[in-house]
Amino acid sequence: MSFAQKLVPAAALIGLSSASFLTAYIYSFSVLTIPVVETGATKDSATFTAKQWSKAFNLGKSFAPPFAITCAACFGFLAFQSRYPISPSVLYATAAVIAPSIVPYTIAVMGPTTLTPLEARATGASGAPGDQETLDLIKKWSGQNTVRAGMVGTAAVMSALAILAQVA
Numbered sequence: 080m081s082f083a084q085k086l087v088p089a090a091a092l093i094g095l096s097s098a099s100f101l102t103a104y105i106y107s108f109s110v111l112t113i114p115v116v117e118t119g120a121t122k123d124s125a126t127f128t129a130k131q132w133s134k135a136f137n138l139g140k141s142f143a144p145p146f147a148i149t150c151a152a153c154f155g156f157l158a159f160q161s162r163y164p165i166s167p168s169v170l171y172a173t174a175a176v177i178a179p180s181i182v183p184y185t186i187a188v189m190g191p192t193t194l195t196p197l198e199a200r201a202t203g204a205s206g207a208p209g210d211q212e213t214l215d216l217i218k219k220w221s222g223q224n225t226v227r228a229g230m231v232g233t234a235a236v237m238s239a240l241a242i243l244a245q246v247a
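Taking our numbering, the leading residue of the sequence shown gets 80, the next gets one more, and so forth.
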């Protein structure tokens with residue numbers, strides 16, 4: 080058994096764990112943070128609400144990428160090292176692509192529709208959305224964020240299925 084093959088169990092554990100953690104972490108913003116941010120939010124406090132959202136988003140932005148990179152690297156390694164019929168290799172390869180795809184999704188989908196306008200409101204930039212639109216954008220962001228969590232969750236499930244296929 081080669082040294083790389085000896086790393087397969089650790090990579091499987093780290094990949095699945097990091098993808099599972101990242102899924103829960105991202106989803107927690109939609110189910111825990113946003114409801115707190117929205118508590119007491121009114122049109123009069125939309126700027127403050129946008130600032131709270133911005134702080135939460137920036138915390139997540141600094142914390143989540145290393146986990147996305149870790150699980151993608153592990154899944155890519157596992158796809159390459161898979162010595163089983165095609166199915167685990169394909170599952171790992173797919174997971175390796177899906178996990179980091181949250182970055183282009185965030186930039187291409189969330190950026191222009193929610194991130195840019197909410198950051199504009201949080202910083203007081205000209206052309207920022209109005210009060211009600213800001214509150215609506217935060218709700219929309221929460222839904223888009225749930226999609227991101229689902230993307231990483233899909234990668235975690237694919238990894239788990241690949242692991243199970245190898246031991247079955």
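From the three backbone atoms N, C-alpha and C, an ideal C-beta is built for every residue, glycine too.
- Message: Using a 10 Å radius around the Cβ and a threshold of 16 neighbouring Cβ atoms, would you call S205 buried or exposed?
- Response: Sequence index remark: in the sequence shown, residue 205 carries index 126 (1-based). If you draw a 10 Å sphere on the C-beta of S205, you find fewer than 16 other C-beta atoms in it, and that means exposed.
- Query: Looking at C-alpha atoms only, which residue of T193, V231, G222 and P183 is the closest neighbour of S133?
  - Reply: Numbered from 1 along the sequence shown, position 54 holds the residue referred to as residue 133. Ranking T193, V231, G222 and P183 by Cα distance to S133 puts T193 first.
- Message: Below 8 Å on the Cβ atoms is my contact criterion, and I expect S238 with Y171 to pass it. Report the Cβ-Cβ distance as a whole number of Å.
- Response: Against the sequence shown, residue 238 aligns to sequence position 159. Against the sequence shown, residue 171 aligns to sequence position 92. Confirmed, about 7 Å.
- Query: Anyone know if the C-beta pair for A83 and Q160 falls short of 8 Å?
  - Reply: Against the sequence shown, residue 83 aligns to sequence position 4. Against the sequence shown, residue 160 aligns to sequence position 81. Against a cut-off of 8 Å, the Cβ pair of Q160 and A83 comes out as a contact.
- Is M189 buried or exposed, if buried means 16 or more other CB atoms sit within 10 Å of its CB? For the purposes of this step, residue 189 is taken as residue 110 along the sequence shown, with counting starting at 1. The residue is buried, with at least 16 neighbouring Cβ atoms inside 10 Å.
- Message: I need the straight-line Cα distance from G222 to G229, nearest angstrom please.
- Response: For the purposes of this step, residue 222 is identified with residue 143 of the sequence shown, where counting begins at 1. For the purposes of this step, residue 229 is identified with residue 150 of the sequence shown, where counting begins at 1. Straight-line Cα distance between these residues: approximately 11 Å.
- State the Cα-Cα distance for the pair P88 and Y184, rounded to the nearest angstrom. Within the sequence shown, residue 88 is the residue found at index 9, counting from 1. Within the sequence shown, residue 184 is the residue found at index 105, counting from 1. P88 and Y184: Cα-Cα distance of roughly 30 Å.
- Query: Does the count of Cβ pairs from the stretch 196 to 215 and the stretch 173 to 182 closer than 8 Å reach three?
  - Reply: The answer is no - the stretch 173 to 182 does not touch the stretch 196 to 215, with fewer than three Cβ pairs under 8 Å.
- Look up L86 in the DSSP assignment and say whether it is helix, strand or coil. On the sequence shown, position 7 is the one that residue 86 refers to. Coil at L86, not helix or strand.
- Task: Out of K85, S81, M80 and T102, state which residue places its alpha-carbon closest to the alpha-carbon of A235.
- Result: Residue 235 sits at position 156 when you count from the first residue of the sequence shown. The shortest Cα separation from A235 among K85, S81, M80 and T102 belongs to T102.
- Message: Only counting the same chain, and skipping five residues up and downstream in sequence, which positions put a Cβ closer than 7 Å to that of S99?
- Response: On the sequence shown, residue 99 is found 20 positions in, with the first residue counted as 1. Only A235 meet the Cβ criterion.
- Item | Min CB distance T128 to chain C below 8 Å | Looking at the structure shown, chain C is missing, and only one protein chain is on hand.
- Query: Of the residues S109, T126 and L92, which one's Cα is nearest the Cα of T149?
  - Reply: Counting from one through the sequence shown, the residue named residue 149 turns up at place 70. Considering only alpha carbons, the answer is L92.
- Query: Roughly how many whole angstroms lie between the Cα atoms of L216 and A151?
  - Reply: Taking the first residue of the sequence shown as position 1, residue 216 is located at position 137. Taking the first residue of the sequence shown as position 1, residue 151 is located at position 72. CA-CA distance, L216 to A151, rounds to 30 Å.
- Entirely within the stretch 175 to 214 and at least 3 residues each: give me those beta strand (DSSP E) ranges in chain order. Uninterrupted beta strand (DSSP E) stretches at least 3 residues long and entirely within the stretch 175 to 214 do not occur.
- Item | For I242 and T225, the rounded distance between their alpha carbons | Taking the first residue of the sequence shown as 1, we reach residue 225 at position 146. Taking the first residue of the sequence shown as 1, we reach residue 242 at position 163. Spanning the two alpha carbons is a distance of roughly 25 Å.
- Item | Boundaries of the alpha helix (DSSP H) in which T128 is found, first to last residue | Within the sequence shown, the letter at position 49 stands for residue 128. DSSP places T128 inside the alpha helix (DSSP H), whose first and last residues are A125 to Q160.
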